[in-house]
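Here the protein sequences come in this chain order: A and B. Its first residue numbered 1, the first sequence is counted upward by one per residue in UniProt numbering. Its first residue numbered 1, the second sequence is counted upward by one per residue in UniProt numbering. Glycine included, every Cβ here is placed at the ideal spot set by N, Cα and C. Okay, so here's the structure we're looking at.
Number of protein chains: 2
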Amino acid sequence: MPELPSPVSAVDGRDGLDLSADVVELTRQLCDIPSESGAESRIADAVEAAVDALGHLRVLRFGNTVVARTELGRATRVAIAGHLDTVPINDNLPTRFVTVTEEDAAADVPGTRPGEYLWGRGTVDMKAGVATQLRVAASLAAPRHDVTWIWYDNEEVEASRNGLGLLSQVRPDLLHADFAILGEPTNGGVEGGCNGTLRADVRTHGRRAHSARAWAGVNAIHLAAPILERLADYEPATKRVDGLDYREGLNATRISGGVAGNVIPDLCTVHVNYRFAPSMSLDEACAFLESFFDGFDVEIVDRSPGARPGLDAGIARAFADAVGGEVRAKFGWTDVARFSALGVPAVNYGPGDPQKAHADDERVALDEIRSVERGLRAYLEDEA
Amino acid sequence: MPELPSPVSAVDGRDGLDLSADVVELTRQLCDIPSESGAESRIADAVEAAVDALGHLRVLRFGNTVVARTELGRATRVAIAGHLDTVPINDNLPTRFVTVTEEDAAADVPGTRPGEYLWGRGTVDMKAGVATQLRVAASLAAPRHDVTWIWYDNEEVEASRNGLGLLSQVRPDLLHADFAILGEPTNGGVEGGCNGTLRADVRTHGRRAHSARAWAGVNAIHLAAPILERLADYEPATKRVDGLDYREGLNATRISGGVAGNVIPDLCTVHVNYRFAPSMSLDEACAFLESFFDGFDVEIVDRSPGARPGLDAGIARAFADAVGGEVRAKFGWTDVARFSALGVPAVNYGPGDPQKAHADDERVALDEIRSVERGLRAYLEDEA
Chain A
1 MPELPSPVSA VDGRDGLDLS ADVVELTRQL CDIPSESGAE SRIADAVEAA VDALGHLRVL
61 RFGNTVVART ELGRATRVAI AGHLDTVPIN DNLPTRFVTV TEEDAAADVP GTRPGEYLWG
121 RGTVDMKAGV ATQLRVAASL AAPRHDVTWI WYDNEEVEAS RNGLGLLSQV RPDLLHADFA
181 ILGEPTNGGV EGGCNGTLRA DVRTHGRRAH SARAWAGVNA IHLAAPILER LADYEPATKR
241 VDGLDYREGL NATRISGGVA GNVIPDLCTV HVNYRFAPSM SLDEACAFLE SFFDGFDVEI
301 VDRSPGARPG LDAGIARAFA DAVGGEVRAK FGWTDVARFS ALGVPAVNYG PGDPQKAHAD
361 DERVALDEIR SVERGLRAYL EDEA
Chain B
1 MPELPSPVSA VDGRDGLDLS ADVVELTRQL CDIPSESGAE SRIADAVEAA VDALGHLRVL
61 RFGNTVVART ELGRATRVAI AGHLDTVPIN DNLPTRFVTV TEEDAAADVP GTRPGEYLWG
121 RGTVDMKAGV ATQLRVAASL AAPRHDVTWI WYDNEEVEAS RNGLGLLSQV RPDLLHADFA
181 ILGEPTNGGV EGGCNGTLRA DVRTHGRRAH SARAWAGVNA IHLAAPILER LADYEPATKR
241 VDGLDYREGL NATRISGGVA GNVIPDLCTV HVNYRFAPSM SLDEACAFLE SFFDGFDVEI
301 VDRSPGARPG LDAGIARAFA DAVGGEVRAK FGWTDVARFS ALGVPAVNYG PGDPQKAHAD
361 DERVALDEIR SVERGLRAYL EDEA
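What follows is the structure, given as structure tokens:
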């Protein structure tokens, strides 16, 4: 079991967050506390202090992960999570407001809409999402379902440091819920589940020789021709899972081989990435890859299962209905798979265009932040 | 025109070479003067002093290249050359004598014969060859043909530093001859001409995308499949040139591509090495390569022409007859091509197994050193 740092006493008031402020203003406050992966203590302190002060949540801290729960005895519980870290800042803080004109939008990534944006690191991935969650956590003391809010660290780095992953190992009970929502950017729509992902090294082995006497050797790069042929000929499937269409993919992402300009190489390595629909288990995906590259030396070096969208569960369906709009499949792997692995259906729902995540001109449309706050509130507000 | 260092006055007697000694002893003296490429001044000084003292040769010095000529007014002139440098010493100096038993020979590289050997850096490549040349230069004051002896530096490093190449640019007249002999190791046989060699980068261009949304990109590694297929399917020819069989070769020696494990790569580069028979010109070889990789981005990055064996010239034929034995084609590129480019037919002829050149257990059979000395002497001795 991984070790977690001891809980840290947090409240020092340096970065007092105003949870009663407008959600755009709160997004700005969160973004302007730098929190690259591994350096989240300041923002975790600020979040912990702010939710602790509310009085209606039971607050727990694990390293730089903050858990805040209602304990109202509702029949159902929803987990709602967002990560506090960002990829490295690249001269894109503090945030500022920008206006995207029709012309700007036409020249930008596909789907960019004109309008008012908050620009800067973390705005899309994913402090706007965290801001909507904090606003609803603060203002709904008695939601329709019990809620476990989770704000965690180290999502942008290797899986072994991921705060949600560590929490699921040391306190899986805190992730148990009937449904989970992850605030990753989805342009304010609902994206269900996610594809699984495998990475593998596919290798060929030859025999070295001087290239002036190539017949004395066996060229490992030439032996790799069928690997690339199979990849080039492969037609990825689109699979329907729980009513959503998952597009798969199988790609070489790296290739390397060679010793020197005059030596017949004895090794060639093709690094492949397989993205598979969540109807396939990890074992099935590994077996497919090994059979696809039959005859070659295949080593699976990284594996993460997919997550079914779980929209057949009534509580998840009700969420999609409450926030409105079409539900789409999520292609990229996200932490929803961690909930899925615990049997909790989970979706992604957050403001911001994923194409702008990690971009130096990262920026989130203000109307999307407001719309996601409204959506979460509509879902959780007690009708009574 | 490249600059050459000014001629250096040499004689200091530190490394007095005894040209009247047995050729094996002289080989040992030469090897025990360390002379890695770029550090040949000590050995060049010793060689210059030794041949200058003979009195029957006109001695010239260019940097660390020594030229010694007879000027007897013969109808024909032969150039005989060897390089003075070695690849880096790797705990394999000073030299020592070793005995290779039947068992040792069976466990070594193919063709190893039992017998007495001189072991150490430079024994094969190519101080034994230089020793045979110095012995004959010293003892034949009036050879049958005028002789231009050339002992040069920096053969084991980039072509731009090669002493013979530099000499051919500043004083091409000194390389002019009716025939040339290079003392590179050939197991004591005659190897004619050499294949040419080209190196090229063959590239594919795609478009980056996140590997979770591969359909938004174009995979440059997959686009390289036909490059490897063509290479794998290519059957290299063996071409007869001036009576010798040259085996060609076309090989990928390096491949690289990829940005990150989750990114569709936009570039893949296959580095290929083409070894072509000397019946083909450089331009023809370039044209072949470009047409072979038709449809791809081909950049020729290095080119060296082959050398015809020129054994149809009477003087060359007479040499082969004098030293006896079968004449074979040389597959690796050697400095004979520099003579060939000046219209001088040239062959390789020297003691030592090329498979042991650059090896840490480099070693030359003593009987091969003696046999090559006898061969050179038989060829040059005046019958009168």
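Practice task
Figure out for me which residue from Val-301(B), Gly-16(B) and Phe-331(B) has the closest Cα to the Cα of residue 435(B).
Solution key: Chain B is shown from 1 up to 384; residue 435(B) falls before or after that span and cannot be answered.
Handout entry: Best match in Ala-107(A), Asp-294(A), Ala-141(A) and Leu-289(A) for proximity to Ala-302(A) [C-alpha to C-alpha]
Key = Note on residue identity: the sequence assigns Asp, not Ala, to residue 302(A). For Asp-302(A), the closest alpha carbon among the candidates Ala-107(A), Asp-294(A), Ala-141(A) and Leu-289(A) is that of Leu-289(A).
Handout entry: In DSSP terms, what Asp-146(A) is bridged to
Key = Paired residue(s): Arg-77(A).
Practice task
Kindly say whether Leu-231(A), judged by its beta-carbon, lies nearer than 8 Å to any beta-carbon of chain B.
Solution key: A Cβ of chain B is located within less than 8 Å of the beta carbon of Leu-231(A).
Exercise for the section: Give the interface partners of Asn-195(B) over in chain A, defined as CB-CB distance under 9 Å, in chain order. Expected result: Contact of Asn-195(B) with chain A by beta-carbon distance below 9 Å involves Ala-212.
Problem - Whole-angstrom distance between Asn-92(B) and Ala-252(A), CA atom to CA atom - result: Approximately 44 Å, taken between the alpha carbons.
Practice task
Select from Pro-354(B), Leu-54(B), Ser-35(B) and Tyr-234(B) the residue whose C-alpha is nearest the C-alpha of Val-157(B).
Solution key: Looking at the Cα atoms, Ser-35(B) is the closest of the given residues.
Handout entry: Per-residue contacts from Phe-331(A) into chain B (C-beta, under 8 Å)
Key = In chain order: Ala-212 and Arg-213.
Exercise for the section: For Arg-208(B), decide whether its Cβ has a neighbour in chain A, counting only Cβ atoms nearer than 8 Å. Expected result: Answer no: the Cβ-Cβ gap between Arg-208(B) and chain A never drops below 8 Å.
Problem - Reference Asp-15(B); option with closest CA among Ser-41(B), Ser-37(B), Val-23(B) and Asp-22(B) - result: Looking at the Cα atoms, Ser-41(B) is the closest of the given residues.
Exercise for the section: Could you tell me if Gly-73(A) is buried or exposed, where buried requires 16 or more neighbouring beta carbons within 10 angstroms of its beta carbon? Expected result: That one is exposed.
Exercise for the section: Under 8 Å between beta-carbons, which chain B residues line up against Pro-278(A)? List them in chain order, please. Expected result: Under the 8 Å cutoff, chain B gives no residues; its nearest Cβ is about 13 Å from Pro-278(A).
Exercise for the section: Measure from the alpha carbon of Lys-127(B) to the alpha carbon of each residue in Leu-174(B), Val-202(B) and Val-24(B), then state which is nearest. Expected result: Measuring from the Cα of Lys-127(B), the nearest candidate turns out to be Val-24(B).
Exercise for the section: Decide yes or no for the touch test of the stretch 161-181 of chain A against the stretch 354-367 of chain A: beta carbon pairs closer than 8 Å, at least 3 of them. Expected result: Counting Cβ pairs under 8 Å, fewer than three are found: no touch.
Exercise for the section: Decide yes or no for the touch test of the stretch 104-119 of chain A against the stretch 149-166 of chain A: beta carbon pairs closer than 8 Å, at least 3 of them. Expected result: Result no; under three Cβ-Cβ pairs closer than 8 Å.
Practice task
Would you identify the three-state DSSP class for residue 385(A), choosing helix, strand or coil?
Solution key: The first residue shown for chain A is 1 and the last is 384, placing residue 385(A) beyond what the model contains.
Handout entry: C-alpha distance - Ala-225(B) paired with Asp-294(B), whole-angstrom precision
Key = Ala-225(B) and Asp-294(B) have their alpha carbons spaced roughly 14 Å apart.
Practice task
Answer with yes or no whether the minimum CB distance from Ala-252(A) to chain B is below 8 Å.
Solution key: Ala-252(A) counts as touching chain B.
Practice task
Please compile the residues from chain B whose C-beta is within a distance smaller than 8 Å of the C-beta of Arg-199(A).
Solution key: Those within 8 Å of Arg-199(A) in chain B are Gly-261.
Handout entry: Chain-ordered residues of the stretch 129-147 of chain B with a beta carbon less than 9 Å from chain A
Key = Of all residues in the stretch 129-147 of chain B, none has a Cβ within less than 9 Å of some Cβ in chain A.
Practice task
Pair every Cβ in the stretch 213-224 of chain B with every Cβ in the stretch 366-377 of chain B, then say whether three or more of these pairs are closer than 8 Å.
Solution key: Look at the beta carbons and you see the stretch 213-224 of chain B not touching the stretch 366-377 of chain B: under three pairs across the two are nearer than 8 Å.
Exercise for the section: May I have a chain-ordered list of the alpha helix (DSSP H) segments no shorter than 4 residues that lie completely inside the stretch 327-373 of chain A? Expected result: As far as the stretch 327-373 of chain A is concerned, its whole alpha helix (DSSP H) runs of at least 4 residues are 336-341.
Problem - Straight-line Cα distance separating Ile-227(A) from Glu-229(B) - result: So the alpha carbons of these two residues sit roughly 10 Å apart.
Exercise for the section: Could you say if the stretch 201-210 of chain A and the stretch 306-316 of chain A meet the contact criterion of at least three C-beta pairs nearer than 8 Å? Expected result: They do not touch, by the three-pair rule.
Exercise for the section: Please classify Ser-291(B): is it buried, with 16 or more other beta-carbons within 10 angstroms of its beta-carbon, or exposed? Expected result: Its Cβ having fewer than 16 others within 10 Å, Ser-291(B) is exposed.
Problem - DSSP-derived helix/strand/coil call for Asp-382(A) - result: Coil.
Exercise for the section: Have a look at Asp-108(A), Ser-160(A), Val-190(A) and Arg-28(A) and flag the residue whose alpha-carbon is nearest the alpha-carbon of Val-327(A). Expected result: The shortest Cα separation from Val-327(A) among Asp-108(A), Ser-160(A), Val-190(A) and Arg-28(A) belongs to Val-190(A).
Handout entry: Members of the stretch 162-178 of chain A near chain B, C-beta cut-off 9 Å
Key = Within the stretch 162-178 of chain A, no residue has its Cβ closer than 9 Å to any Cβ of chain B.
Handout entry: Residue-level contact to chain A via CB, Gly-295(B), 8 Å cutoff
Key = False, the Cβ-Cβ gap to chain A never drops below 8 Å.
Handout entry: C-beta neighbour in chain B for Pro-265(A), strict 8 Å
Key = Interface flag for Pro-265(A) against chain B is set, since a Cβ pair is found closer than 8 Å.
Problem - Buried/exposed call for Asn-195(B), threshold 16 Cβ in 10 Å - result: Buried, by the Cβ-count rule.
Problem - Nearest-angstrom Cα separation, counted from Leu-84(B) out to Ala-44(B) - result: In this structure, the alpha-carbon of Ala-44(B) lies about 7 Å from that of Leu-84(B).
Handout entry: Asn-90(A) classed as buried or exposed, judged by whether at least 16 other C-beta atoms fall within 10 angstroms
Key = With fewer than 16 other Cβ atoms within 10 Å, it is exposed.
Practice task
Would you mind listing the beta strand (DSSP E) stretches within the UniProt domain "Peptidase M20 dimerisation" (196-292) of chain B that are 3+ residues and don't spill past its ends, in chain order?
Solution key: Correct list: 196-205, 238-241, 244-247, 249-258 and 267-276.
Exercise for the section: For Gly-249(A), decide whether its Cβ has a neighbour in chain B, counting only Cβ atoms nearer than 8 Å. Expected result: Yes, Gly-249(A) lies at the interface with chain B (some Cβ there is under 8 Å from its Cβ).
Practice task
Could you spell out where the beta strand (DSSP E) holding Val-157(A) opens and where it closes?
Solution key: Here Val-157(A) belongs to no beta strand (DSSP E), and DSSP marks it neither H nor E.
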